[in-house]
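Protein chains: 4
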Amino acid sequence: NQLASRKFRSFLSNSGRSMASKTQVGFIGLGNMGKPMAKNLLKHGYPVIATDVFPESCKELQELGAQIVDNPAEVADQADRVVTMLPSSPNVIEVYTGPNGILKKVKKGSLLIDSSTIDPAVSKEMAVAAEKMGAVFMDAPVSGGVGAASSGKLTFMVGGVEEEFTAAQELLTCMGANVVYCGAVGTGQAAKICNNMLLAIGMIGTSETMNLGIRLGLDPKLLAKILNMSSGRCWSSDTYNPVPGVMEGVPSGNNYQGGFGTQLMAKDLGLAQTTATNTKTPVPLGSLAHQIYRMMCARGYSGKDFSSVFQFLQGA
Amino acid sequence: NQLASRKFRSFLSNSGRSMASKTQVGFIGLGNMGKPMAKNLLKHGYPVIATDVFPESCKELQELGAQIVDNPAEVADQADRVVTMLPSSPNVIEVYTGPNGILKKVKKGSLLIDSSTIDPAVSKEMAVAAEKMGAVFMDAPVSGGVGAASSGKLTFMVGGVEEEFTAAQELLTCMGANVVYCGAVGTGQAAKICNNMLLAIGMIGTSETMNLGIRLGLDPKLLAKILNMSSGRCWSSDTYNPVPGVMEGVPSGNNYQGGFGTQLMAKDLGLAQTTATNTKTPVPLGSLAHQIYRMMCARGYSGKDFSSVFQFLQGA
Amino acid sequence: NQLASRKFRSFLSNSGRSMASKTQVGFIGLGNMGKPMAKNLLKHGYPVIATDVFPESCKELQELGAQIVDNPAEVADQADRVVTMLPSSPNVIEVYTGPNGILKKVKKGSLLIDSSTIDPAVSKEMAVAAEKMGAVFMDAPVSGGVGAASSGKLTFMVGGVEEEFTAAQELLTCMGANVVYCGAVGTGQAAKICNNMLLAIGMIGTSETMNLGIRLGLDPKLLAKILNMSSGRCWSSDTYNPVPGVMEGVPSGNNYQGGFGTQLMAKDLGLAQTTATNTKTPVPLGSLAHQIYRMMCARGYSGKDFSSVFQFLQGA
Amino acid sequence: NQLASRKFRSFLSNSGRSMASKTQVGFIGLGNMGKPMAKNLLKHGYPVIATDVFPESCKELQELGAQIVDNPAEVADQADRVVTMLPSSPNVIEVYTGPNGILKKVKKGSLLIDSSTIDPAVSKEMAVAAEKMGAVFMDAPVSGGVGAASSGKLTFMVGGVEEEFTAAQELLTCMGANVVYCGAVGTGQAAKICNNMLLAIGMIGTSETMNLGIRLGLDPKLLAKILNMSSGRCWSSDTYNPVPGVMEGVPSGNNYQGGFGTQLMAKDLGLAQTTATNTKTPVPLGSLAHQIYRMMCARGYSGKDFSSVFQFLQGA
């Protein structure tokens, strides 16, 4: 039956994969995030076989010793562990189930780890499709930006069959400092989306509050200090304060350059909105946060760090 | 000139008041918060002279040794330091400037400390009115509820002339664990209002996020843990989580009894809204938070802790 | 080439279909709306061949002379014009592209009209799938409820190839009073979704405004009259006023029974939200309207008319 | 008793005033709106005695025959009917109750009509203060802009004692096409504020909807036509459409010049917010509309017509 076959396959794949753990690892999607992640796999001694739609993205990795192939199917043909890092749901669908997709040539027992941030419903579809081919799919989106990707300090939130978590962890710990098991397939995405929705709410809320306090005559550093010792405290007030001059080493001190772009936050809030709509969950502040980041994109803030909402609200 | 007279008065009052620091202290407003605060002054050895519109509120304090008089003017006639703790702006206006108000009989050089949570514009008006009578007015609203008032663990946010802060601190430390100087008159209120606005935003945001995550299949305790180690972290997620079963010792574990009532939060958000409107400051999330707490009051949640917004959004 | 073949097919189908216009018409989806729509086709002399997942829904139509078959494929096998009226996007996908779906047996040149209210992106997918089989797909969602469906007074908003509009109109005029051509496939849905989003905003806005005015001492009938002669005028204020006693013959006069259910409005606002998210369009009020109807569903208002938002906001 | 004295005074004032109806009328506040209103009184043969804080504002009226005096008290000293048209609540308080205010020299039985748009609570305070001096205060805010003021086509919404309405009407019909009695003092303001709140909601809603529809492929003129024949219809869609090219003779066709400024709408929404806060009325969309207009002011839209929210949301 299905359970037996799953356990058997799990046994096979686990033993197979763990016996030769430094065999090739596939990597698909060599963008701003994917490239440093793949490099960290190389650094840890894994032979990497990679592909990307932009050939130029592959060069740097090739020079570091990675093997470059034409398409995802070729990657899956040669590696029984594959990591994907792609911009959005349609890319993931294409890379897994398209004409040259992973599932066209995936080996039985392969472990497929998707670190893209996408709709958890799509993750579930991919898991079903992978299972039909005898492969295991896990979602493992990250928190932390390009810096954390380079230094191997990402946090991975992992959804999927629990008995495969150890196998995934082996690879993910090469690229991240924290690897958290969240539950069934899709819950990694859910955790990521939930965190970022609350982050956006906290950031806009902190920006409104700081702006109001300043207009009421409070010194911004003092206000931040008071909030941070009180019940208004949040990550955006105590770690990533959006008001220029309150903290050092954050984008607000650098004209909102670097950091996590407004457009990316708008994308994640779009995912939160979609999952909330699909599950009929009321998210009034999350929804308004989404709209505010959309308005910012419409007003020229796409490329600035998402803490620039302070500037957007303050006027100038 | 005015500066000289202010300094002279300041000199007089400081020396006069500090020389005999355990002279009578006036206390006006013996409600849920005021009564335990006044008791703490008594415990610290201050003779208290008090009044309240409800005679029955005075009894308990009288039995503990306080002197009870008829009205605020009588209090001010006998004590040169007066603390007020009242429900809202109109009460403060009445108690200070009404026919039997403090300012009718206030002594020159008196220190008047208002711990009510009110519109900072009213605090400024009271300060101007007090100054005309040669008295000093400071706003010193508190954070912390009835429990903190009883145990003397309140936080005071103090606005007013800086050279009087030490004198205020002497009394406030009898009633609170933290006494923070915020700046000119009204900035104590501003800090309080700002904190509570961000608190409300964080609480509703946390409730939406937890509700969404649960519907997406995440275990609530695990989700809280993930948020608290990530950028979604806030006081409402890590200290006062609104989801029953996630934490112990918070109102969500006790059917949202006790804590900080929805109606009180709605009141504070109304103050935040009013100050934002008057200063033309956009506060989109703060404004929506206000509306949500108003809707909750309209749907029967007035008396429940403000974390019951989780229940309101979740449906049942 | 494709254009030539399209024109040729169009020529064939038009002549073929119009020559024998009272040949069988297929109808799939015999719910609250679909059943009276199908009856109106029968009344106008069209032989109807129908199916529904619930056999009991078919009985009444069978007694009126309709032929009942097992599944959508059978309908398409016998009729070259098919109307579908289904609850949501997944149903439409199943009925068109599922194992027993229309496209399994559709005849070349058939005209497929979908009157469901769904995501316009799904309409476009169905149109592409239909075109591959040589058939023409049009979206034609309706406005007007069960009453309008029974009396043949629906409004159809039609999207699709313009040269097929006349053929669609022939059938739709049997079921509706207005048939409006909106543009390419999906624009019928777009028009429907846009209208309902603005409707929801107007209804909540009218409810807030009436509630505020009443609390400020205005007579509700007088306030409605003033709004309706001023720039606050909208359909919800002048045709469907949500305040009991202001108008006759509307759900507010009948404890919000009948009319357009809150749950259905929440569904349409979900579609609006999804299309807005997908097109990165900021819709702050539409988004908040969606959230308010979701909160109402969570608080027991699902089955009441959507004008009951007045009651929800007013408290009771 | 009070009722008798009120009736007696009413009798006196009515007979006194109506017997000599073309005696002097006072006018205070000669801004963009006040000047053309005062001119219309002159045109109808009323001697006008006027004042304004800006002497230059008085010149034009003086040349047309009005008598100019130094301050509101002088106006009230010479005229027993006075109209005021001022920017905001503090101005009204100053003009009525300040050191040179109307009430310093008002005659018993005088009729004081305030056409400013202010907080209805302030109107009530002014009415109480006027009554103490034996005078009658009515609030009569207007709808319609500078154009309507010039052509005498304003709508007046009047609150106050009903038996004085006829006397007020005599003057107001010289300046407006509609004079509507709304109820007790303050209800004129309430009606104005309610209308403008719903207007703002309708305008933003129409802008979001049109923007969404256009992105979904609908022609804007066609979409407007569909909305206007459906339940999405509102004044902003059918009379003042915010999308350039849809209608002629509206600000959207003229780069949002002229019309009703975003800053003025933000002010009126601030009043709506304040009255809603004070009466604990939830106004979620009204509140968000206020925030959106505040954000627009912060982003440089203050001087553009309020329909420019379409441009703000659309991006450019």
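Protein chains in written order, with our numbering: chain A, 2 to 317; chain B, 2 to 317; chain C, 2 to 317; chain D, 2 to 317. A virtual CB, placed ideally from N, CA and C, is assigned to each residue, including glycine.
- Taking tyrosine 182 of chain B as the centre and dropping the five residues before and after it, the same chain places the C-beta of Val159 and Phe166 closer than 6 Å to its C-beta, in chain order.
- The shortest C-alpha to C-alpha distance from glycine 287 of chain C to any of C/Ala201, C/Pro252 and C/Ser117 is the one to C/Ala201.
- The Cβ of leucine 228 of chain A sits closer than 9 Å to at least one Cβ of chain B.
- In this structure, the straight-line span from the alpha carbon of threonine 174 of chain A to that of methionine 296 of chain A is close to 38 Å.
- Contact between the stretch 243-262 of chain C and the stretch 258-265 of chain D is absent, with fewer than three C-beta pairs closer than 8 Å.
- At least one CB of chain B lies nearer than 9 Å to the CB of aspartate 220 of chain A.
- Of the candidates C/Val84, C/Asp269, C/Thr282 and C/Asn255, C/Asn255 places its Cα closest to the Cα of lysine 305 of chain C.
- With the criterion set as a beta carbon lying under 8 Å from some beta carbon of chain D, the stretch 246-266 of chain A has no members that meet it.
- One Cα belongs to alanine 277 of chain B, the other to serine 117 of chain D, and the distance between them is close to 22 Å.
- A distance below 9 Å separates the beta carbons of threonine 52 of chain D and valine 76 of chain D.
- Here the C-alpha atom of phenylalanine 138 of chain B lies approximately 14 Å from the C-alpha atom of phenylalanine 28 of chain B.
- Positions of the alpha helix (DSSP H) runs, each at least 4 residues long and wholly inside the stretch 260-287 of chain D, are given as 263-279 in order along the chain.
- The three-state reading of DSSP puts tyrosine 182 of chain A in strand, counting E and B together.
- In this chain, the beta strand (DSSP E) harbouring glycine 160 of chain C covers 155-160.
- At a beta-carbon threshold of 7 Å, the residues of chain D lying near glycine 271 of chain B are Thr278, ordered along the chain.
- Interface residue (Cβ-Cβ distance to chain A less than 9 Å): arginine 216 of chain D is not classified as such.
- If you look at aspartate 115 of chain A, you'll find it in the beta strand (DSSP E) that goes 112-115.
- Around the C-beta of leucine 65 of chain B, fewer than 16 other C-beta atoms lie within 10 Å, and the residue is accordingly described as exposed.
- Here alanine 191 of chain D is buried: its Cβ has 16 or more other Cβ atoms, across all protein chains shown, within 10 Å.
- For threonine 52 of chain D, there is no enclosing alpha helix (DSSP H); the residue is found in the beta strand (DSSP E) stretching over 49-52.
- Annotated three-state conformation of isoleucine 119 of chain D is coil, per DSSP.
- Ranked by how close their Cα comes to the Cα of valine 147 of chain A, the residues A/Phe311, A/Thr275, A/Leu31 and A/Lys109 have A/Leu31 in first place.
- Lysine 222 of chain C counts as exposed, since fewer than 16 other beta carbons sit within 10 angstroms of its beta carbon.
- In the DSSP assignment, arginine 216 of chain C falls within the alpha helix (DSSP H) that extends over 188-216.
- Within its own chain, the residues whose Cβ lies closer than 6 Å to the Cβ of serine 309 of chain B, once the five positions on either side in sequence are excluded, are Tyr257 and Tyr302, listed in chain order.
- For a Cβ distance threshold of 9 Å, residue set Pro285, Ser288, Leu289 and Gln292 of chain D lies close to leucine 289 of chain B, ordered along the chain.
- Around the beta carbon of asparagine 72 of chain B, 16 or more other beta carbons sit within 10 angstroms, so the residue counts as buried.
- When the Cα atoms are used, leucine 112 of chain C and alanine 136 of chain C turn out to be separated by approximately 6 Å.
- Under the 9 Å criterion on CB atoms, lysine 281 of chain D is classed as interfacial with respect to chain B.
- Taken atom to atom, the span from the alpha-carbon of glutamate 132 of chain A to that of glycine 187 of chain A is near 15 Å.
- When Cβ pairs closer than 8 Å are counted between the two stretches, the stretch 41-60 of chain B is seen not to touch the stretch 115-130 of chain B, the count staying below three.
- A Cβ of chain B is located within less than 9 Å of the beta carbon of threonine 275 of chain D.
- The continuous beta strand (DSSP E) containing threonine 85 of chain D extends over residues 82-85.
- With a threshold of 9 Å between beta carbons, glutamine 170 of chain C makes no contact with chain B.
- Rounded to the nearest whole angstrom, the CA to CA distance from valine 247 of chain B to glycine 203 of chain B is 17 Å.
- From the beta-carbon of arginine 234 of chain C, the residues of chain D found nearer than 7 Å are Cys235 and Trp236.
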